[in-house]
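Engineer: So the protein lines, in turn, are chains H and E. Converting from the first sequence to our numbering requires adding 30 to each position, the first position being numbered 1. Converting from the second sequence to our numbering requires adding 10 to each position, the first position being numbered 1. The structure is given below, and queries will be raised subsequently.
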Amino acid sequence: MREAAILGVAMTPFGISDKTNLELFADAGLEAIVHSNLAPGDIQALFFGNCLGDFEEGQLHMAPFAHSSIGLPMSTPAVRFECACATATVAIRQAVQMVQGGIYDVILAGGTERAAAMGTPLATRTFAMASQAQYETPTGITFPGVFAMAAHLYSHRYGIPLVELKRHLAEVAVKNHFHGSKNPKAHFQKEITVEKVLNGMMVADPLQLLDCCPFSDGAAAVVIAEAGKARDLVKKPIYVAGTGQASAGPLYIQQDLTHVKAREVSVKMAYDEAHLTPGDIDVCELHDCFTMAEVLAIEGLGFYDFGRGYDAASRGETRLGGKGTVVVNPSGGLKAKGHPIGATGAAQVTEIVEQLRGEAGERQVDGAKIGLVDTLGGDLSTVCNLILRGEK
Amino acid sequence: MSTELTFKQYQDGLANDVFWGLLCDDCGSYTTPPQKVCRSCGSTALQVVELEKSGFIRTFTVIRVAAEGMNPPFVVALVETASGAWVMGNVINIDPNEAGMELIGRKVTLSSRPVKGDIYACGDIHSLCFTLL
Ligand SMILES: [Zn+2]
Numbered sequence: 031m032r033e034a035a036i037l038g039v040a041m042t043p044f045g046i047s048d049k050t051n052l053e054l055f056a057d058a059g060l061e062a063i064v065h066s067n068l069a070p071g072d073i074q075a076l077f078f079g080n081c082l083g084d085f086e087e088g089q090l091h092m093a094p095f096a097h098s099s100i101g102l103p104m105s106t107p108a109v110r111f112e113c114a115c116a117t118a119t120v121a122i123r124q125a126v127q128m129v130q131g132g133i134y135d136v137i138l139a140g141g142t143e144r145a146a147a148m149g150t151p152l153a154t155r156t157f158a159m160a161s162q163a164q165y166e167t168p169t170g171i172t173f174p175g176v177f178a179m180a181a182h183l184y185s186h187r188y189g190i191p192l193v194e195l196k197r198h199l200a201e202v203a204v205k206n207h208f209h210g211s212k213n214p215k216a217h218f219q220k221e222i223t224v225e226k227v228l229n230g231m232m233v234a235d236p237l238q239l240l241d242c243c244p245f246s247d248g249a250a251a252v253v254i255a256e257a258g259k260a261r262d263l264v265k266k267p268i269y270v271a272g273t274g275q276a277s278a279g280p281l282y283i284q285q286d287l288t289h290v291k292a293r294e295v296s297v298k299m300a301y302d303e304a305h306l307t308p309g310d311i312d313v314c315e316l317h318d319c320f321t322m323a324e325v326l327a328i329e330g331l332g333f334y335d336f337g338r339g340y341d342a343a344s345r346g347e348t349r350l351g352g353k354g355t356v357v358v359n360p361s362g363g364l365k366a367k368g369h370p371i372g373a374t375g376a377a378q379v380t381e382i383v384e385q386l387r388g389e390a391g392e393r394q395v396d397g398a399k400i401g402l403v404d405t406l407g408g409d410l411s412t413v414c415n416l417i418l419r420g421e422k
Numbered sequence: 011m012s013t014e015l016t017f018k019q020y021q022d023g024l025a026n027d028v029f030w031g032l033l034c035d036d037c038g039s040y041t042t043p044p045q046k047v048c049r050s051c052g053s054t055a056l057q058v059v060e061l062e063k064s065g066f067i068r069t070f071t072v073i074r075v076a077a078e079g080m081n082p083p084f085v086v087a088l089v090e091t092a093s094g095a096w097v098m099g100n101v102i103n104i105d106p107n108e109a110g111m112e113l114i115g116r117k118v119t120l121s122s123r124p125v126k127g128d129i130y131a132c133g134d135i136h137s138l139c140f141t142l143l
């Protein structure tokens with residue numbers, strides 16, 4: 031099997047934008063191509079992520095328009111990916127596998143979303159459409175509601191009083207906003223306090239407003255190429271050491287929401303392929319759509335034992351400059367950087383690539399050599415992981 | 011005995027206060043809501059059986075910011091039914107503002123209520139309800 035590497039990466043500012051999905055994607059896509067020292071004519075396939083373009087803009091089948099908006103050749107196929115919040119990570123993994131398998135040499139992958147443009151009531155409704163439509167959506171379950179149920183179960187199962195758990199969850203939000211304050215492209219660039227989180231409006235008990243990521247607009251894109259070609263084109267190619275992806279059914283089949291079983295399967299695939307363990311990871315961008323989601327992720331990825339990750343942020347272990355072994359979400363995460371769902375995975379990869387190149391500025395994790403990307407889609411039902419490394 | 015349980019048959023059951031499920035001949039697991047294969051072992055050797063309408067709340071939330079068209083606050087819960095299968099529904103006989111951690115482990119009975127379908131959904135649906143004993 032051939033080796034795949036990442037060349038140029040780019041993301042638009044995340045937040046509220048007047049630009050269309052196509053304009054946002056063109057900004058990120060062209061910048062990623064330019065940073066790869068390539069031209070649009072060199073791209074052999076476009077793996078394009080978008081979840082809700084039909085509700086955001088009345089636009090289905092956006093991939094061929096994204097293709098033409100950046101001047102790709104007609105012989106370059108454009109395909110839309112939709113795996114809820116894991117969309118772009120899945121698109122990137124498929125690109126990696128196509129390059130590894132020798133089908134293509136150079137692929138542009140990423141995504142775009144205008145979640146903020148929908149407004150909260152419609153955005154909440156469309157996000158909830160990722161729940162099982164016959165047996166779960168009719169109950170009125172929402173995305174925050176899913177992680178809220180996980181939080182209650184976690185509190186019960188591990189005997190951590192809810193009021194104590196909520197304080198530790200607030201510390202996750204505080205940490206990620208601190209990281210976001212160092213990211214000029216983040217949706218939220220202001221620090222917050224535990225008190226502010228605990229005084230927020232209740233969204234889905236026990237999660238309050240600042241336990242939740244925002245609805246954001248934005249796009250991100252990365253170029254993936256065969257490693258030899260990558261070395262010819264850029265100074266610091268970032269190698270794909272291992273990948274994984276797994277799928278699980280509706281929540282009523284998954285049952286115990288304190289374990290994201292798809293994540294455990296997916297990340298094991300990635301660790302095994304990379305011949306690495308959780309202790310080898312220096313920096314991680316993981317799926318903190320809600321504060322509780324970060325706790326589930328640091329446990330599922332193997333950084334903490336189950337039931338022991340809830341106070342990692344409080345202890346300062348996952349913070350930039352902290353005393354832990356892995357810095358979690360130096361970009362600000364979904365929580366502060368923002369969450370334009372179809373673009374999120376490509377933005378996570380962008381952050382890890384910049385970290386491994388030593389180009390993350392104020393957010394730089396000292397000596398970061400190996401990074402992990404973790405993206406969760408839907409009701410814990412899709413998880414995709416990528417392990418990236420700089421020089422070997 | 012039929013070996014297939016469709017969404018429509020399951021729904022018709024709920025409308026008539028019958029809770030249908032599938033019993034696996036190979037591993038003995040019960041699967042509900044229905045699907046083509048056993049949720050535990052993937053076997054297609056399934057019999058349609060009537061399930062006991064009771065269970066225990068395993069976790070819950072109170073939805074306060076809801077999708078457009080819903081009327082919050084309301085309580086959503088995951089219940090482990092007597093058959094072992096878990097289902098999602100709404101706890102109906104509690105003031106949502108009184109719902110707390112003590113709900114976890116409480117015994118409930120199951121029923122259903124018709125929910126108006128979203129304009130993007132295929133019609134109205136009988137959705138499960140839980141009544142605290
Ligand atoms: Zn079975």
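All C-beta atoms in this analysis are idealised placements derived from N, C-alpha and C, irrespective of residue type, glycine included.
(1) Near ligand 1, which residues have their beta-carbon less than 6 angstroms from any of its heavy atoms, given in chain order?
(2) Determine the extent of the beta strand (DSSP E) in which I328 of chain H is found, giving its start and end residues.
(3) Per DSSP, what kind of secondary structure is A286 of chain H in: helix, strand or coil?
(4) Looking at the C-beta of F84 of chain E, does it have a partner C-beta in chain H at a distance below 8 angstroms?
(5) Below 9 angstroms between beta carbons is the criterion; list the residues of the stretch 44 to 76 of chain E that meet it against any residue of chain H, in chain order.
(6) Comparing the C-beta of T11 of chain H with each C-beta of chain E, is any distance below 8 angstroms?
(7) If you follow the beta strand (DSSP E) that L88 of chain E is part of, which residue opens it and which one closes it?
(8) According to the neighbour-count rule (16 or more other Cβ atoms, all chains shown, within 10 Å of its Cβ), is S47 of chain H buried or exposed?
(9) For the alpha helix (DSSP H) that contains K117 of chain E, what are its first and last residues?
(10) Between which two residues does the beta strand (DSSP E) harbouring N81 of chain E extend?
(11) Scan the stretch 106 to 159 of chain H and note each continuous beta strand (DSSP E) run of 3 residues or more that stays entirely inside, going in chain order.
(12) Would you kindly report the start and end of the unbroken beta strand (DSSP E) that includes Y269 of chain H?
(13) So that I know if they touch, is there some Cβ in chain H lying closer than 8 angstroms to that of M108 of chain E?
(14) Determine the closest residue to I400 of chain H out of H:D302, H:R345, H:P308, with distance taken between C-alpha atoms.
(15) When you compare each of E:N103, E:V97, E:A109 to P44 of chain E by their alpha carbons, which one comes out closest?
(16) If contacts are defined as beta-carbon pairs under 8 angstroms, then V129 of chain H and D135 of chain H qualify, I think. What distance do you get, rounded to the angstrom?
(17) Following a CB-centred definition, is D404 of chain H positioned closer than 7 angstroms to any heavy atom of ligand 3?
(18) Could you pull out every unbroken alpha helix (DSSP H) segment of at least 4 residues lying fully inside the stretch 160 to 231 of chain H, listed in chain order?
(19) Identify whether N107 of chain E lies in helix, strand or coil by the three-state DSSP scheme.
(20) What would DSSP say about G258 of chain H, mapped onto helix, strand or coil?
(21) Which bits of chain E does A163 of chain H rub up against, with CB to CB less than 8 angstroms?
(22) If you check the beta carbons only, do G140 of chain H and A121 of chain H fall under 8 angstroms apart?
(23) Which of helix, strand or coil does DSSP assign to G23 of chain E?
(24) Which full runs of the beta strand (DSSP E) of 3+ residues lie inside the stretch 288 to 376 of chain H, going along the chain?
(25) Around the Cβ of D247 of chain H, are there at least 16 other Cβ atoms within 10 angstroms (buried) or fewer (exposed)?
(26) Does the stretch 357 to 373 of chain H come close enough to the stretch 318 to 330 of chain H to have 3 or more Cβ pairs within less than 8 angstroms?
(27) Can you tell me whether DSSP reads I417 of chain H as helix, strand or coil?
(28) Tell me, to the nearest whole angstrom, how far the beta carbon of T117 of chain H is from that of I417 of chain H; I am working on the premise that it is less than 8 angstroms.
(29) Rounded to the nearest angstrom, what separates E86 of chain H and C132 of chain E at their Cα positions?
(30) Give me, in chain order, the residues of the same chain whose beta-carbon lies closer than 6 angstroms to that of P244 of chain H; leave out the 5 immediate sequence neighbours on both sides.
(31) Could you pull the start and end residues of the alpha helix (DSSP H) that S246 of chain H belongs to?
(32) Looking at L142 of chain E and V118 of chain E, is the spacing between their C-beta atoms short of 8 angstroms?
(33) Rank H:V379, H:N51, H:I328, H:V264 by C-alpha distance to the C-alpha of I100 of chain H and give the top, closest one.
(34) Once DSSP output is grouped into helix, strand and coil, what is the label at T41 of chain E?
(35) Given this structure, state the Cα-to-Cα distance separating C139 of chain E from I102 of chain E, to the nearest angstrom.
(36) What is the DSSP secondary structure of D404 of chain H, reduced to helix, strand or coil?
Structural biologist: Answer, in terms of the structure:
(1) E:C34, E:D36, E:C37, E:S39, E:C48, E:S50, E:C51, E:S53
(2) Mapped onto the first sequence, residue 328 of chain H falls at position 298. Not the beta strand (DSSP E): I328 of chain H falls in the alpha helix (DSSP H), residues 321 to 330.
(3) Looking up residue 286 of chain H in the first sequence gives position 256. In the sequence as displayed, the identity of residue 286 of chain H is Asp instead of Ala. Coil at D286 of chain H, not helix or strand.
(4) On the second sequence, position 74 is the one that residue 84 of chain E refers to. Cβ-Cβ to chain H under 8 angstroms: yes for F84 of chain E.
(5) Q45, R49, R68, T69, F70, T71, V72, I73, R74, V75, A76
(6) Residue 11 of chain H lies beyond the residue range present for chain H, which begins at 31 and ends at 422; the question has no answer from this structure.
(7) Numbered from its first residue, the second sequence carries residue 88 of chain E at position 78. Note, L88 of chain E: beta strand (DSSP E), 84 to 91.
(8) Looking up residue 47 of chain H in the first sequence gives position 17. Per the 10 Å Cβ criterion, buried.
(9) For this step, residue 117 of chain E is matched to residue 107 along the second sequence. No alpha helix (DSSP H) contains K117 of chain E, which is instead part of the beta strand (DSSP E) from 117 to 125.
(10) Counting from 1 along the second sequence, the entry for residue 81 of chain E is found at position 71. Per DSSP, N81 of chain E belongs to no beta strand (DSSP E) and is neither H nor E.
(11) Within the stretch 106 to 159 of chain H, complete beta strand (DSSP E) segments of at least 3 residues are found at 108 to 111, 136 to 144, given in chain order.
(12) Taking the first sequence and counting its residues from 1, one reaches residue 269 of chain H at position 239. Where Y269 of chain H is concerned, the enclosing beta strand (DSSP E) stretches over 268 to 277.
(13) If you number the second sequence from 1, residue 108 of chain E lands on position 98. Reading off the sequence, residue 108 of chain E comes out as Glu, not Met. So, not an interface residue.
(14) In the first sequence, the residue the question calls residue 400 of chain H occupies position 370. Per the Cα distances, H:P308.
(15) Taking the second sequence and counting its residues from 1, the one referred to as residue 44 of chain E is at position 34. If we check each option's Cα against that of P44 of chain E, E:V97 comes out closest.
(16) Position 99 of the first sequence, counted from the first residue, corresponds to residue 129 of chain H. Position 105 of the first sequence, counted from the first residue, corresponds to residue 135 of chain H. Going by Cβ atoms, the distance from V129 of chain H to D135 of chain H rounds to 7 angstroms, so yes, they are a contact pair.
(17) By its list of ligands, the structure shown excludes ligand 3, since it contains just ligand 1.
(18) 173 to 188, 192 to 210, 224 to 228
(19) Working through the second sequence from its first residue, we reach residue 107 of chain E at position 97. DSSP places N107 of chain E in helix when its eight states are reduced to three.
(20) In the first sequence, counting from the first residue as 1, residue 258 of chain H sits at position 228. Residue state, collapsed to three classes: helix.
(21) Reading the first sequence from its first residue, position 133 is the one you call residue 163 of chain H. Chain E residues near A163 of chain H: A131.
(22) For the purposes of this step, residue 140 of chain H is taken as residue 110 along the first sequence, with counting starting at 1. For the purposes of this step, residue 121 of chain H is taken as residue 91 along the first sequence, with counting starting at 1. Yes, the Cβ-Cβ distance between G140 of chain H and A121 of chain H is below 8 angstroms.
(23) Locating residue 23 of chain E in the second sequence gives position 13, where the first residue counts as 1. In this structure, G23 of chain E counts as helix in the three-state DSSP scheme.
(24) 313 to 315
(25) Along the first sequence, read from residue 1 onward, the residue named residue 247 of chain H stands at position 217. D247 of chain H should be labelled buried.
(26) yes
(27) Against the first sequence, residue 417 of chain H aligns to sequence position 387. Strand, per DSSP.
(28) The residue given as residue 117 of chain H occupies position 87 in the first sequence. The residue given as residue 417 of chain H occupies position 387 in the first sequence. With a Cβ gap of about 19 angstroms, T117 of chain H and I417 of chain H do not count as contacting.
(29) Mapped onto the first sequence, residue 86 of chain H falls at position 56. Mapped onto the second sequence, residue 132 of chain E falls at position 122. If I take the Cα positions, the gap works out to 21 angstroms.
(30) Here residue 244 of chain H is taken as the residue at index 214 of the first sequence, counted from 1. Excluding sequence positions up to five before and after P244 of chain H, its CB lies within less than 6 angstroms of the CB of H217, G368, all in the same chain and listed in chain order.
(31) As a position in the first sequence, residue 246 of chain H is number 216, starting the count at 1. Premise fails: S246 of chain H is in no alpha helix (DSSP H) and is neither H nor E.
(32) Walking along the second sequence from the start, residue 118 of chain E turns up at place 108. Walking along the second sequence from the start, residue 142 of chain E turns up at place 132. Here V118 of chain E is near L142 of chain E, since their CB atoms are less than 8 angstroms apart.
(33) Walking along the first sequence from the start, residue 100 of chain H turns up at place 70. It is H:N51.
(34) Counted from its first residue, the second sequence places residue 41 of chain E at position 31. T41 of chain E falls in the strand class under three-state DSSP.
(35) As a first step, residue 139 of chain E must be located in the second sequence, where it is residue number 129. As a first step, residue 102 of chain E must be located in the second sequence, where it is residue number 92. Answer to the nearest angstrom: the Cα atoms are 6 angstroms apart.
(36) On the first sequence, residue 404 of chain H is found 374 positions in, with the first residue counted as 1. In the structure shown, D404 of chain H sits in a strand (DSSP, three-state: E or B).
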